[in-house]
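Numbering (our numbering), first residue to last: -3 to 265.
Cβ coordinates follow ideal geometry from the N, Cα and C atoms, glycine included.
Taking it in order: structure first as structure tokens, then the write-up.
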Ligand SMILES: N[C@@H](CCC(=O)N[C@@H](CS)C(=O)NCC(=O)O)C(=O)O
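Spelled out as structure tokens, the structure:
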């Protein structure tokens, strides 16, 4: 029996929460490949990633994790998407792992985005938005400085990506691949967080014509509409958890870091 035909009693489960661009990426690839899954909400904002239950799925304490219908559990969004493509032929159009030459281009673009855009973007919103606005760390000025550097570095990387890609309207031409979905979810989170945290600069699409065209092309796909609808449906709970529970859930974890910040900045944080 092919793995995509769910065996009786087994199901494919995606653990995480919708605001996560990493979980949204995996959900997007699954939907585009017609691979059914059940969503089970695990929210880092209330400490859900550090429970024994989730650590048994992913000892690194991160979402997303995918439990496939064969019982295998995979974590890290990129690893999950590559696993899906290697396992299910219908996902291979997004990650052509059976064609090393074509796949090299896809990998190169995806690795560039991971290293120069999405990784730095993660650090930007954690330091620039979570620390002052969700954790209540009194280092607004320092967070602003970090945000400025991040904006510069990411802006420069986006410029290289746009000029070094086809952008017709997708990165490698007229069809989207894994890096397109990856990029889309970074841009989508930037738009969402720019509103939630009232930080307009987090919206990376604003003022960039090529990215706007790319964003519109991705948004018009039926699967994207479903993902965005699911994300919007969770905004109320996401915002409540973000501003009322996240700080409490991470209090103990933040203590050593706060002591370092205090020593470094020379003032109470
Ligand atoms: N590189 C990982 C990033 C996953 C990630 O950072 N997930 C966040 C939520 S968006 C998380 O689980 N945070 C909880 C924590 O780090 O404690 C991936 O691509 O899956």
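Heavy atom of ligand 1 within 7 angstroms of residue i beta-carbon
{"i": "residue 74", "result": "yes"}
{"i": "residue 16", "result": "yes"}
{"i": "residue 58", "result": "yes"}
{"i": "residue 40", "result": "yes"}
{"i": "residue 118", "result": "yes"}
{"i": "residue 83", "result": "no"}
{"i": "residue 45", "result": "yes"}
Contacts around residue i, its chain only, beta-carbon distance under 7 angstroms, and the 5 residues preceding and following it disregarded
{"i": "residue 206", "result": "158, 163"}
{"i": "residue 123", "result": "139, 142"}
{"i": "residue 17", "result": "181, 182, 184, 185"}
{"i": "residue 92", "result": "98, 99, 102"}
{"i": "residue 125", "result": "189, 193, 195"}
Inter-residue CB distance, residue i and residue j (contact presumed, cutoff 8 angstroms)
{"i": "residue 154", "j": "residue 192", "result": "That belief does not hold up - the Cβ atoms of residue 154 and residue 192 are roughly 21 angstroms apart, past 8 angstroms."}
{"i": "residue 174", "j": "residue 106", "result": "5 angstroms"}
{"i": "residue 116", "j": "residue 148", "result": "In fact, because the Cβ distance is near 10 angstroms, the residues do not count as touching under 8 angstroms."}
{"i": "residue 223", "j": "residue 23", "result": "6 angstroms"}
{"i": "residue 177", "j": "residue 21", "result": "5 angstroms"}
{"i": "residue 185", "j": "residue 41", "result": "About 14 angstroms separates the two Cβ atoms, so there is no contact after all."}
{"i": "residue 19", "j": "residue 10", "result": "7 angstroms"}
{"i": "residue 86", "j": "residue 29", "result": "5 angstroms"}
{"i": "residue 240", "j": "residue 134", "result": "Incorrect: roughly 18 angstroms between the Cβ atoms, too far for contact."}
{"i": "residue 59", "j": "residue 45", "result": "6 angstroms"}
Same chain, Cβ closer than 6 angstroms to residue i, neighbours up to 5 away in sequence not counted
{"i": "residue 165", "result": "209, 210, 213"}
{"i": "residue 15", "result": "234"}
{"i": "residue 277", "result": "Because the chain is modelled from -3 through 265, residue 277 falls outside the range shown and cannot be assessed."}
{"i": "residue 227", "result": "14"}
{"i": "residue 242", "result": "41, 130"}
{"i": "residue 8", "result": "33, 64, 65"}
{"i": "residue 36", "result": "9, 11"}
{"i": "residue 81", "result": "87, 88, 91, 93"}
{"i": "residue 201", "result": "183, 207, 208, 211"}
Residues of its chain near residue i, where Cβ-Cβ distance is below 8 angstroms and the 5 sequence neighbours each way are ignored
{"i": "residue 262", "result": "none"}
{"i": "residue 70", "result": "61, 62, 64, 76, 79"}
{"i": "residue 282", "result": "Because the chain in this structure spans residues -3 to 265, residue 282 falls outside the shown range and cannot be described."}
{"i": "residue 53", "result": "11, 61, 63, 69, 71"}
{"i": "residue 67", "result": "6"}
{"i": "residue 219", "result": "24, 27, 28"}
{"i": "residue 246", "result": "43, 131"}
{"i": "residue 254", "result": "133, 265"}
### Task
Tell me the start and end of each unbroken alpha helix (DSSP H) in the region 69 to 130 that is at least 4 residues and wholly inside, in chain order.
Those alpha helix (DSSP H) runs which fall completely within the region 69 to 130 and span 4+ residues are 73 to 83, 96 to 108, 115 to 121.
### Task
Counting only runs of 4+ residues fully inside the region 196 to 252, write out the alpha helix (DSSP H) ranges in chain order.
205 to 215, 218 to 229, 231 to 236, 242 to 245
### Task
Would you mind listing the alpha helix (DSSP H) stretches within the region 121 to 180 that are 4+ residues and don't spill past its ends, in chain order?
Counting only runs of 4+ residues, the alpha helix (DSSP H) found wholly inside the region 121 to 180 occupies 136 to 159, in chain order.
#### Entry: Within the region 16 to 49, ranges of the beta strand (DSSP E) (whole runs, at least 3 residues)
34 to 37
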